[in-house]
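Residue numbers (this note's numbering), protein chains in the order written: chain A, 14 to 124; chain B, 35 to 152.
From the three backbone atoms N, C-alpha and C, an ideal C-beta is built for every residue, glycine too.
Each remark here refers to the structure printed beneath this line.
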């Protein structure tokens, strides 16, 4: 049972446009949701997060939206830049510290 | 640089062998996590240690074991290796384990150990 799902394995957008990466989850006990970015030959790095009591968190070009009723979150990148091309992992964490990762979405931003 | 160090970077071995992967967490982090990423797959959580104690277990095979030492470094032991064990193995660390709020649950990843079983 995959509790965190990223249904789109890949996404391609034009530079300057918006990138929207989606993530669905099934466990209503998750307390925090995080996005990690991974470049080839490197480990994932933390990008942005949101608490389950919030519905939006913004950090520069990155905004995460949480829809608890739909058990859905999304990451918006505006404007997208070629350097944003990477694999993005959605992760959900319980307050007990256990994290579950999605399978990742490969974002390609074309110049 | 995340501050998490994994050694070795690459490991090539044969089926049936045993290997040990090592992880040094960020200074001050008490939790260590191990993940497996097979080709084109997501991050599969294997196991978590907090201050020397096993805290959570994921899809870790019985042939695999791990431990966290008093100096907080961790080792992942893989034995009776099979071709399917070839993967990237990531270690991550975080400050806390439970009830610590969001900041204490952010994980910092090492660059990974690429294991090739031939």
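Between which residues of its own chain and residue i is the CB-CB distance below 6 Å, once the five residues before and five after are set aside?
i	result
residue 85 of chain A	37
residue 97 of chain B	113 and 114
residue 100 of chain A	51, 117 and 119
residue 69 of chain A	78
residue 1 of chain A	With chain A running from 14 to 124 in the structure shown, residue 1 of chain A is simply not present.
residue 92 of chain A	29
Per DSSP, which residues does residue i bridge with? Please list them.
i	result
residue 107 of chain B	None, per the DSSP bridge assignment.
residue 18 of chain A	A:37
residue 21 of chain B	This structure cannot settle anything about residue 21 of chain B, because the visible part of chain B is limited to 35 through 152.
residue 126 of chain B	B:67 and B:143
residue 149 of chain B	B:45 and B:121
Tell me which residue opens and which closes the beta strand (DSSP E) that residue i is part of.
i	result
residue 35 of chain A	32-38
residue 80 of chain A	75-80
residue 43 of chain A	Note, residue 43 of chain A: premise wrong, no beta strand (DSSP E); not H, not E.
residue 81 of chain B	78-84
residue 94 of chain A	Residue 94 of chain A -> no beta strand (DSSP E), and no H or E assigned at all.
residue 100 of chain B	98-102
Find out if the Cβ-Cβ distance for the pair residue i, residue j is shorter than 8 Å.
i	j	result
residue 75 of chain B	residue 92 of chain B	no
residue 141 of chain B	residue 67 of chain B	yes
residue 56 of chain A	residue 90 of chain B	no
residue 114 of chain A	residue 17 of chain A	yes
residue 63 of chain B	residue 128 of chain B	yes
residue 46 of chain B	residue 117 of chain B	no
Within its chain, find whatever has a CB closer than 7 Å to the CB of residue i; leave out the 5 residues flanking it on each side and keep chain order.
i	result
residue 51 of chain B	115
residue 95 of chain A	28, 122 and 124
Legend entry - At least three beta-carbon pairs within less than 8 Å, the segment 55-65 of chain B to the segment 102-112 of chain B: yes
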